[in-house]
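Residue numbers for the sequence shown follow numbering that gives the first Met the number 0, so the first one is 0 and each next one is one higher.
Ideal placement from N, C-alpha and C gives every residue a C-beta, glycine not left out.
Presented below is the structure to which this report refers.
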Amino acid sequence: MSLTVPNDLLDQARAGEVDDAAFLACVRDSLPYAWSLIEELVKQREHSGAEFADNQVPPPSEEARGQLLRCLASDSMRGALERHYGVRLAFQNCHRVAVFDPTATQALADFVTPRAQILNQKPELVDC
């Protein structure tokens, strides 16, 4: 299961739309590793002023890896995080998350090419 959904949020979803703040709180509480990694990358990018910041360190455990995969594989979670932080997210392998300034369209386009994916492969990541 991707998220641990509190009853009040489930009731809100049954009644209609779910607001981003409540959804983001659920994501943050359910996937703390993924949340903290993305939050740290946002801070790094803002501090450096670079077009993007990325993580190249594998998660510390399979549980953490699973959180990252579930978070970034979900269009709704990814979209909510992008809106919350005002960034674009991209993902390679099982851990290389990148946070892009929304205006960095060429850098994002370069990051998500098949060439970039191939160049990011390493033998130790085959089973990740």
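- By the Cβ criterion, the region 43 to 57 is not in contact with the region 22 to 32, since fewer than three pairs of Cβ atoms, one from each stretch, lie closer than 8 Å.
- For valine 96, the pairing in a beta bridge is given by DSSP as Phe90.
- Rounded to the nearest angstrom, the Cβ distance from valine 111 to alanine 52 is 16 Å, too far for a contact under 8 Å.
- Taking C-beta separations shorter than 6 Å and ignoring five residues to either side along the sequence, the partners of cysteine 70 in its chain run Leu30, Ala33, Met76, following chain order.
- C-alpha of glutamate 50 to C-alpha of arginine 44: approximately 7 Å in a straight line.
- Burial check for leucine 9: the Cβ neighbour count within 10 Å stays below 16, so the residue is exposed.
- Membership of alanine 14 in any beta strand (DSSP E) is not indicated; the residue belongs instead to the alpha helix (DSSP H) covering 6 to 14.
- In the displayed model, aspartate 74 falls within a helix according to three-state DSSP.
- By the Cβ-count criterion, glutamine 105 is exposed, with fewer than 16 other Cβ atoms from all chains shown falling within 10 Å of its own Cβ.
- Aspartate 28 and serine 47 have their C-alpha atoms spaced approximately 28 Å apart.
- Judged by DSSP secondary structure, aspartate 53 falls within the beta strand (DSSP E) whose first and last residues are 51 to 53.
- With respect to leucine 118, cysteine 93 sits apart: the two C-beta atoms are not nearer than 9 Å.
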